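Chains as they are written, first to last, in this note's numbering: chain H, 7 to 308; chain V, 34 to 256.
First up is the structure itself, then whatever we jot down about it.
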């Protein structure tokens with residue numbers, strides 16, 4: 007692949023848009039949560055201020071090389087998903103670096119960040135980090151199983167592992183979306199989405215009031231700023247992944263923002279309604295309900 | 034005096050230097066005080082020399098106050114109403130954090146027992162440089178109703194530097210919000226540099242702390 011300045015520029019611009027949209031979306035969701043609790047909530051620009059403040063903290067301490075690399079791996083996981091994710095599949099400008107096997111790479115990058123975090127927070131030396139990361143990895147492994155089955159089902163259905171091809175196959179009206187043509191994969195995928203977004207029923211890993219606060223216990227200042235940056239990017243690209251897989255992708259930025267908002271809102275909505283699972287409950291849940299839907303989805307298209 | 038010196042030694046066997054045999058038979062020496070903690074002295078971090086940037090950063094710091102969730106005395110009962118619907122401090126950028134690493138504001142909520150003071154010092158020293166202390170209640174000013182207790186300290190600012198006091202017994206959450214506003218003013222004016230003050234007067238603070246904490250079984254500085 008030859009070097010293309012034009013494409014690089016649009017990818018970086020897309021990253022900027024995605025980062026800011028992720029921050030705005032997290033603020034919106036926290037405000038919705040506040041309104042549900044009958045509070046007024048944070049100002050809408052709070053995530054930006056928190057980010058500036060964290061990057062501006064003067065002193066930092068380190069526990070070793072992996073402690074530095076943990077947030078870097080996490081951020082490269084988020085940006086890696088972004089790089090191979092077609093944002094606006096209808097346009098040639100916003101395809102980023104998607105190629106014919108991008109779905110496999112995206113699946114890999116989803117786990118890459120978690121593993122980096124595990125190494126980093128393990129070196130942090132805090133026992134809560136170690137407990138948090140073991141919970142996180144065991145939960146994420148079970149999230150991956152129904153998600154992989156859903157993606158396999160779509161790959162069999164459309165005979166491709168390219169997200170652009172999957173989106174193009176869904177064009178021509180909403181009745182062509184995988185949501186209608188492959189409802190079992192959609193159910194399995196969207197239930198797995200609840201876990202990968204990390205909201206209430208499945209947020210034991212990073213909830214501030216469980217063994218505080220899980221993997222990022224020791225992370226502060228710039229380290230935490232990098233993790234927050236990644237969280238903002240990751241929320242949008244995860245939602246964009248499910249949008250591309252099940253809901254027909256996006257043909258313009260307005261459609262992109264609307265669809266990612268609604269997909270993210272789905273996890274927030276469930277989170278507002280349902281209380282938190284313990285880790286063995288959530289593992290058992292993912293291996294029961296979404297897994298069954300995933301297996302049915304694969305069998306139907308075999 | 035010599036008795037004091039003995040008491041200042043690290044007596045806890047958990048912190049003693051020892052030989053450990055690893056799972057593959059390798060023998061290595063563990064020195065927890067050196068391995069688990071840092072006993073390096075705190076440093077003074079000068080503010081940014083460009084006023085525009087420092088003012089902007091101070092504004093961001095003042096609008097994003099992350100409070101350490103550590104209730105030291107009876108005043109901490111005022112924190113739950115502060116962050117729940119009735120007073121909703123989230124509106125003003127005040128959020129609770131569960132770990133000292135990620136917090137900037139330490140609310141010393143009321144009387145401070147000597148046993149708690151030890152934990153307060155350790156938590157305070159684990160917080161990162163621009164850090165602020167909000168002292169809640171009259172107990173932190175002069176001991177309050179516990180002024181003659183054998184087990185509590187009277188003046189908090191002998192042990193850690195205090196940015197703003199909220200007087201009263203108990204101060205209501207409104208008073209605490211006023212305290213946060215005062216703290217924000219101080220931060221924006223660049224006057225809340227007590228983390229650096231602590232580093233400059235480190236020996237004085239340490240001497241005061243050791244005078245009152247008799248079982249000092251921790252490193253002198255454990256960030």
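Glycine residues also receive a C-beta, built at the ideal position from the N, C-alpha and C atoms.
The model shown is predicted, which means the values in this text are computed figures rather than measured ones.
Exercise for review: Could you tell me if residue 194/H is buried or exposed, where buried requires 16 or more neighbouring beta carbons within 10 angstroms of its beta carbon?
Suggested key: By the neighbour-count rule (16 or more Cβ atoms within 10 Å), residue 194/H is buried.
Check your understanding: Just reading off the beta strand (DSSP E) that residue 129/V is part of, what are its end residues?
Key -> Note, residue 129/V: beta strand (DSSP E), 127-130.
Check your understanding: Where does residue 185/V fall in DSSP's three states?
Key -> Here residue 185/V sits in strand by DSSP.
Check your understanding: Taking Cβ positions only, does residue 196/V come closer than 8 angstroms to chain H?
Key -> So no, residue 196/V is outside the interface.
Review point. In terms of residues, what are the limits of the beta strand (DSSP E) holding residue 54/V?
Key: Segment 51-54, the beta strand (DSSP E) holding residue 54/V.
Check your understanding: Cα separation between residue 253/V and residue 219/V?
Key -> Answer to the nearest angstrom: the Cα atoms are 29 angstroms apart.
Check your understanding: According to a CB-to-CB cut-off of less than 7 angstroms, which residues of the stretch 265-286 of chain H neighbour chain C?
Key -> Although the question refers to chain C, the structure presented lacks it and instead comprises the protein chains H and V.
Point to revise | Same chain, Cβ closer than 7 angstroms to residue 217/V, neighbours up to 5 away in sequence not counted | key: So the qualifying residues of the chain are 95.
Practice item. Counting only runs of 3+ residues fully inside the stretch 69-112 of chain H, write out the beta strand (DSSP E) ranges in chain order. Key: Correct list: empty.
**Study point:** Chain-ordered neighbours of residue 234/H on chain V, where CB pairs are closer than 7 angstroms
**Key:** Going along chain V, no residue has its Cβ under 7 angstroms from residue 234/H, so there is no contact; the nearest lies around 11 angstroms.
Practice item. Please compile the residues from chain H whose C-beta is within a distance smaller than 7 angstroms of the C-beta of residue 123/V. Key: Near residue 123/V (Cβ distances below 7 angstroms), the residues of chain H are 40, 45, 47 and 48.
Review point. Got a sec: does the ligand MG put a non-hydrogen atom nearer than 7 angstroms to the Cβ of residue 282/H?
Key: With respect to the ligand MG, the structure offers nothing, as it holds no ligand at all.
Review point. What does residue 63/H touch in chain V if you count any residue whose Cβ is under 7 angstroms from its own?
Key: Simply 161, 162 and 163.
Exercise for review: Within the stretch 62-136 of chain V, note down every full beta strand (DSSP E) run reaching 3 residues or more, in order along the chain.
Suggested key: Segments of the beta strand (DSSP E) lying fully in the stretch 62-136 of chain V: 98-101 and 127-130.
Review point. Using 8 angstroms as the threshold, is the stretch 186-200 of chain V in touch with the stretch 85-103 of chain H, meaning 3 or more CB pairs across them?
Key: Note that the stretch 186-200 of chain V does not touch the stretch 85-103 of chain H; fewer than 3 beta-carbon pairs, one per stretch, sit closer than 8 angstroms.
Practice item. Have a look at the DSSP bridge pairing and note the partners of residue 198/V. Key: Beta-bridge annotation (DSSP): residue 198/V is paired with 168/V.
Review point. In the structure shown, what three-state DSSP assignment does residue 142/V receive?
Key: It is a strand residue.
Practice item. For residue 123/V, I'd like the list of residues in its chain whose CB is within less than 8 angstroms of its CB, leaving aside the five on either flank, ordered along the chain. Key: For residue 123/V, where only same-chain residues beyond five positions count, the Cβ hits under 8 angstroms are 116.
Practice item. To the nearest angstrom, report how far apart residue 41/V and residue 249/V are at their CA atoms. Key: Because the pLDDT at residue 41/V is just 47, under 50, the model does not fix this residue reliably, and the point stays unresolved.
Review point. What are the partner residues of residue 60/V, as DSSP defines its beta bridges?
Key: As DSSP reads the structure, residue 60/V sits in a beta bridge with 54/V.
Check your understanding: Which residues mark the beginning and the end of the alpha helix (DSSP H) in which residue 157/H is found?
Key -> Note, residue 157/H: alpha helix (DSSP H), 133-164.
**Study point:** Inter-residue Cα distance where the pair is residue 65/V and residue 51/V
**Key:** Rounded to the nearest angstrom, the two C-alpha atoms are 9 angstroms apart.
Practice item. Specify, as a first and last residue, the run of the alpha helix (DSSP H) that residue 173/H falls within. Key: Where residue 173/H is concerned, the enclosing alpha helix (DSSP H) stretches over 169-175.
Check your understanding: Under a three-way DSSP split, which group does residue 251/V fall into?
Key -> Residue 251/V falls in the coil class under three-state DSSP.
Check your understanding: Are there 16 or more other CB atoms within 10 angstroms of the CB of residue 35/V, so buried, or fewer, so exposed?
Key -> Since pLDDT at residue 35/V reaches only 46, below the 50 mark, its modelled position is unreliable, and the value read off the structure follows with that caveat. Of the other Cβ atoms in all chains shown, fewer than 16 fall within 10 Å of the Cβ of residue 35/V; this residue is therefore exposed.
Point to revise | Any chain V beta carbon closer than 8 angstroms to residue 108/H | key: Residue 108/H does not count as touching chain V.
Review point. If you draw a straight line from the alpha carbon of residue 17/H to that of residue 272/H, how long is it in whole angstroms?
Key: Approximately 27 angstroms, taken between the alpha carbons.
Check your understanding: Got a sec: is the Cβ-Cβ distance from residue 59/H to anything in chain V below 8 angstroms?
Key -> For residue 59/H, a Cβ of chain V is located within less than 8 angstroms of the residue's own Cβ.
Review point. Residues of chain V with a CB under 9 angstroms from the CB of residue 52/H: which are they?
Key: Neighbours of residue 52/H on chain V, chain order: 96, 97, 123, 126 and 128.
Check your understanding: When we look at the beta-carbon of residue 120/H and count the other beta-carbons within 10 Å, is it buried (16 or more) or exposed?
Key -> Residue 120/H comes out buried.
Point to revise | Contact the stretch 223-239 of chain H vs the stretch 162-172 of chain H: 3+ CB pairs below 8 angstroms | key: The answer is no - the stretch 162-172 of chain H does not touch the stretch 223-239 of chain H, with fewer than three Cβ pairs under 8 angstroms.
**Study point:** Proximity test, Cβ basis, 8 angstroms: residue 226/H and chain V
**Key:** The C-beta of residue 226/H comes closer than 8 angstroms to at least one C-beta of chain V.
Exercise for review: Closer than 8 angstroms by C-beta to residue 199/V: which residues in its own chain qualify, once you throw out the five before and the five after it? Chain order, please.
Suggested key: So the list reads 167, 168, 169, 170, 208, 209, 211 and 212, once near-sequence residues are dropped.
Check your understanding: Considering residue 189/H, what are the terminal residues of the alpha helix (DSSP H) in which it resides?
Key -> It spans 189-203 - the alpha helix (DSSP H) in which residue 189/H sits, taken as one unbroken run.
Practice item. Spell out whether any CB of chain V is found under 8 angstroms from the CB atom of residue 2/H. Key: Because chain H in this structure spans residues 7 to 308, residue 2/H falls outside the shown range and cannot be described.
Review point. Taking just the CA atoms, how far does residue 260/H sit from residue 242/V?
Key: The C-alpha of residue 242/V lies about 60 angstroms from the C-alpha of residue 260/H.
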